[in-house]
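Asks: Adding 28 to a residue's 1-based position in the sequence shown gives its number in this note's numbering.
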Amino acid sequence: MGARRFRGVCGFFVWVGRFCVQFLNWQLAPARANRYAAAMTESDTTNPIHQAEVPADAPESGAEARWFGFTPVDPAEKAGLVRAVFDSVSERYDLMNDLMSAGVHRLWKATLMQLVRPQPGMTLLDVAGGTGDIALRFLEQGGGHVHICDINESMLRVGRDRAINKGVLSHIDWVTGDAERLPIASRSVDAYTIAFGLRNVSGIDAALAEARRVLKPGGRFFCLEFSHVVLPLLREVYDAYSFTILPKIGGFVAGDEAAYRYLVESIRKFPDQDSLARRVAAAGFGQVRYRNLTGGIAAIHSGWRL
Ligand SMILES: C[S@@+](CC[C@H](N)C(=O)[O-])C[C@H]1O[C@@H](n2cnc3c(N)ncnc32)[C@H](O)[C@@H]1O
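Encoded structure:
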């Protein structure tokens, strides 16, 4: 057997192994939840989830607010629809991430962390932080303090369970809040990350303006997001997979096929790499750049708050 084939076969078995571990995790989750119930009750007082006040002068939502995937919607309804999607899938969210990307989202997040370069004295704000994947990596890799902000309390609760399971109780704040109206002081954080979150906000430009507001001068903005595939052959395979197979997996595993159809549609409606880079620059960031990941399936945009 050639070396390439051997590596391919090994890779397949590693993937199957990972799937089995995730499956067991999922099956054991209810038992573990009971075991940690006591810790959760205690952590409700020691590690609370903060509720954000919405300021009266909140910025207007953008054009994105008129679309929920491919469906035109009333802008006033968009945030509620997005919230319902993540409420519905929060318990199976992490498993689904591994299944639908065959674990590749972990490599993308590792690349993001290499760019963020966590340091002991550094404060990160992770917006749309969900179940805490980015925040936990930041702390594991030596970061100082992290605020996780997400509009969905259900996602944060799953994330906080995960953090408790890993013994992470300090240097981390869980805050409910909207990316467009962050409950965070101006010029207070060294880095801002938003991973697979900007696609879901109603006003991208308002969220970018908020990112700039909360960053200290010299701080850096990072957005990891699904993007537009730049390799024609890969685009065809990816389209076929994402429009047909992926929603079925979502229906089978997370019990919500429509939520994963929204995911696919929202990716197609999201600005391409260059358009997003222009909008990041228009928000006032300097040295804006992006890096394609896996042929543009995802991309990391970054910019400095000068
Ligand atoms: C696809 S998940 C990403 C979670 C996490 N960042 C990750 O990489 O695994 C998208 C998250 O965005 C959150 N979200 C959607 N709209 C938001 C908004 N306007 N402000 C803050 N969070 C939002 C959802 O609740 C959800 O947790």
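Backbone N, C-alpha and C fix where the C-beta goes; we use that ideal spot for every residue, glycine too.
When we look at the beta-carbon of residue 238 and count the other beta-carbons within 10 Å, is it buried (16 or more) or exposed?
Replies: For the purposes of this step, residue 238 is taken as the residue at position 210 of the sequence shown. Per the 10 Å Cβ criterion, buried.
Asks: Within the continuous beta strand (DSSP E) that includes residue 336, where are the two ends?
Replies: Outside the shown range of the chain, which is 29 to 334, sits residue 336, and nothing can be said about it.
Asks: Taking Cβ to Cβ, would you say residue 220 is nearer than 8 Å to residue 242?
Replies: Along the sequence shown, read from residue 1 onward, the residue named residue 220 stands at position 192. Along the sequence shown, read from residue 1 onward, the residue named residue 242 stands at position 214. Yes; because the gap between Cβ atoms is below 8 Å, this pair is in contact.
Asks: Let me know the alpha helix (DSSP H) ranges lying completely inside the segment 191-251, each 4 residues or longer, listed in chain order.
Replies: As far as the segment 191-251 is concerned, its whole alpha helix (DSSP H) runs of at least 4 residues are 232-242.
Asks: Under 8 Å by Cβ, that's how I've got residue 218 and residue 164 pegged, so tell me the actual separation to the nearest angstrom.
Replies: The count along the sequence shown starts at 1 and reaches residue 218 at position 190. The count along the sequence shown starts at 1 and reaches residue 164 at position 136. Going by Cβ atoms, the distance from residue 218 to residue 164 rounds to 18 Å, so no, they are not a contact pair.
Asks: Report the three-state DSSP secondary structure of residue 280 (helix, strand or coil).
Replies: In the sequence shown, counting from the first residue as 1, residue 280 sits at position 252. It is helical.
Asks: Among the residues of its own chain, which have a CB less than 6 Å from the CB of residue 158, if the five just before and after it don't count?
Replies: On the sequence shown, residue 158 is found 130 positions in, with the first residue counted as 1. So the qualifying residues of the chain are 178, 183.
Asks: Report yes or no: do the segment 201-219 and the segment 292-310 share at least 3 C-beta pairs separated by less than 8 Å?
Replies: Contact between the segment 201-219 and the segment 292-310 is absent, because fewer than three Cβ pairs lie under 8 Å.
Asks: Buried or exposed: residue 173, going by 16 or more other Cβ atoms within 10 Å of its Cβ?
Replies: Translated into the one-based positions of the sequence shown, residue 173 becomes position 145. The residue is buried, with at least 16 neighbouring Cβ atoms inside 10 Å.
Asks: For residue 318, which residues does DSSP report across the bridge?
Replies: What you label residue 318 is simply residue 290 of the sequence shown in a count that begins at 1. DSSP lists 329 as partners of residue 318.
Asks: If you count every other CB in all the chains shown that lies within 10 Å of the CB of residue 292, and 16 or more means buried, which is it?
Replies: Taking the sequence shown and counting its residues from 1, the one referred to as residue 292 is at position 264. Classification of residue 292: buried, given that the 10 Å Cβ count is 16 or more.
Asks: In chain order, what residues of the same chain have a beta carbon less than 8 Å from the beta carbon of residue 167, not counting five sequence neighbours either side?
Replies: For the purposes of this step, residue 167 is taken as residue 139 along the sequence shown, with counting starting at 1. If we look at residue 167 and ignore the five residues flanking it on each side, its Cβ neighbours are 146, 174, 196, 199, 200.
Asks: Rounded to a whole number of angstroms, what is the C-alpha to C-alpha distance between residue 85 and residue 208?
Replies: Mapped onto the sequence shown, residue 85 falls at position 57. Mapped onto the sequence shown, residue 208 falls at position 180. With a pLDDT of only 45 at residue 85, under the threshold of 50, the placement of this residue in the model should not be trusted, and no figure is reported.
Asks: Cβ-heavy atom distance between residue 128 and ligand 1 below 7 Å?
Replies: Here residue 128 refers to the residue found at position 100 when the sequence shown is read from its first residue. Not under cutoff, so the answer is no.
Asks: Assuming residue 115 is part of the alpha helix (DSSP H), what are its boundary residues?
Replies: The sequence position of residue 115 within the sequence shown is 87, counting from 1. It spans 103-117 - the alpha helix (DSSP H) in which residue 115 sits, taken as one unbroken run.
Asks: Within 10 angstroms of its Cβ, does residue 55 collect 16 or more other Cβ (buried), or is it exposed?
Replies: Within the sequence shown, numbered from 1, the residue matching residue 55 stands at position 27. For residue 55, the predicted model reports a pLDDT of 41, less than 50, meaning its position is unreliable; a value from the coordinates is still stated below. By the neighbour-count rule (16 or more Cβ atoms within 10 Å), residue 55 is not buried but exposed.
Asks: Name, in chain order, the residues that DSSP records as bridge partners for residue 262.
Replies: On the sequence shown, position 234 is the one that residue 262 refers to. Answer is none; residue 262 lacks a bridge partner.
Asks: Check whether the Cβ of residue 238 sits closer than 7 Å to any heavy atom of ligand 1, and report yes or no.
Replies: The sequence position of residue 238 within the sequence shown is 210, counting from 1. Checking every heavy atom of ligand 1 against the Cβ of residue 238, none is found closer than 7 Å.
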